[in-house]
Amino acid sequence: MISIITVVYNGEKTIKDTLDSVCCQSLLPAEYIIVDGLSTDGTIAIVKEYMLKYPFIKYISEKDSGIYDAMNKGIQLANGKLIGIINSDDWYETNALEKMWDAYVGTGSGIYYGIQRNIIDEKEFYLERASHEFLAEKMIPHPSTFVSSDIYKEFGVFDLKFAFSADLELLIRFSKLNIPFYKLDSIISNFRIGGASSTPKAAMESLFIRKNYGHINLKRYYFSLFKFKLKLLMNY
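Be aware that the sequence shown starts at -4, since it is given in this note's numbering, and climbs by one per residue.
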């Protein structure tokens, strides 16, 4: 039983790709939860249209304090044993859920992730093959990551102190708690590059998280921080 979550705000231009990818899976989810942040475009109308055909879709539309607050709302609503979160401008491969469920059934609990295809201007840019063993250097692809619900219940959800990199903090926290990670050698998601997580401010927040967890030393932290702040100044 898989729960899929999509958080969205004014996503009418791309959310159909996301909805289609979830609703056309070789293994359908038990539920698909849309968490909308009071969109002012046609997003909700599109979601309601899909709900007529796919009864496992449900949605809430209310104010939130950011993307991670919305994700936490979705996790709290989810009833599945395995939870995936896909952004409203990204999409899954058609067998993504089946592959993740097979991995989950074979292990019973953990964090499961695969390869992410990165997209620029609707064309494949490169494949993201990051590993949880190197979280100190590079984030594993969040849209390609599924987490068993018991882990969220026992060890917590996204820390709202972090506006840009709470997903990184979550995964490093889970890693430090020795929660098992399972890597799949399959493309799971397609990710349109851009957004808040690609900004210098997000990079600085990621540095702070890695420093706090001892993944980088103070010398490297302050040197990298100086470079990012210099980049910000040059962009003004």
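Just so it is clear, CB atoms sit at the ideal spot from N, CA and C, and this is done for glycine as well.
Taking the alpha-carbon of I139 as reference, which of Y147, K148, E123, I55 has the nearest alpha-carbon? The question names Ile, yet the displayed sequence has Ser at residue 139. With distances taken between Cα atoms, S139 lies closest to E123.
Spell out the partners DSSP gives R112 in its beta bridges. Answer is L122, N185, bridged to R112.
State yes or no: is the C-beta of A73 within less than 9 angstroms of the C-beta of E26? Going by C-beta atoms, A73 is nearer than 9 angstroms to E26.
Which residues DSSP lists as bridging S143, in chain order: Answer is L77.
In the DSSP output, which residue or residues are listed as bridge partners for E26? S(-2), per the DSSP bridge assignment.
If you draw a straight line from the C-alpha of L179 to the C-alpha of I106, how long is it? Going by C-alpha positions, L179 is about 11 angstroms away from I106.
Give the straight-line distance between the Cα atoms of D145 and F153, rounded to the nearest whole angstrom. The alpha-carbon separation between D145 and F153 amounts to approximately 15 angstroms.
Note the first and the last residue of the continuous beta strand (DSSP E) segment covering Y49. For Y49, there is no enclosing beta strand (DSSP E), as DSSP gives it neither H nor E.
According to DSSP, is F176 helix, strand or coil? In the structure shown, F176 falls within a strand segment according to DSSP collapsed to helix, strand and coil.
Other residues of its chain near I188: CB distance less than 6 angstroms, five sequence neighbours each side excluded: Within the same chain, Cβ atoms closer than 6 angstroms to the Cβ of I188 are found at N113, I115, the five residues on either side in sequence being excluded.
Just to confirm before moving on: does the CB-CB distance between W96 and S184 stay below 9 angstroms? No, these two residues do not count as a Cβ contact at 9 angstroms.
Option in I(-3), A198, E57 with minimal Cα separation from L225: For L225, the nearest C-alpha among the options comes from A198.
Could you check if R205 is buried or exposed, using at least 16 other CB atoms within 10 Å of its CB as the buried criterion? By the neighbour-count criterion, in which a residue is buried when 16 or more other Cβ atoms sit within 10 angstroms of its Cβ, R205 is buried.
Do you know how far the Cα of V3 is from the Cα of T9? So the alpha carbons of these two residues sit roughly 10 angstroms apart.
Could you check what DSSP says for D59 in three-state terms: helix, strand or coil? If DSSP states are grouped into helix, strand and coil, D59 belongs with coil.
Proximal residues to K133 (C-beta, below 7 angstroms), its chain only, five neighbours per side dropped: Within the same chain, K133 has close Cβ partners A125.
Can you check whether the CB of V30 is closer than 9 angstroms to the CB of D59? In this structure, D59 lies near V30, with their beta-carbon atoms less than 9 angstroms apart.
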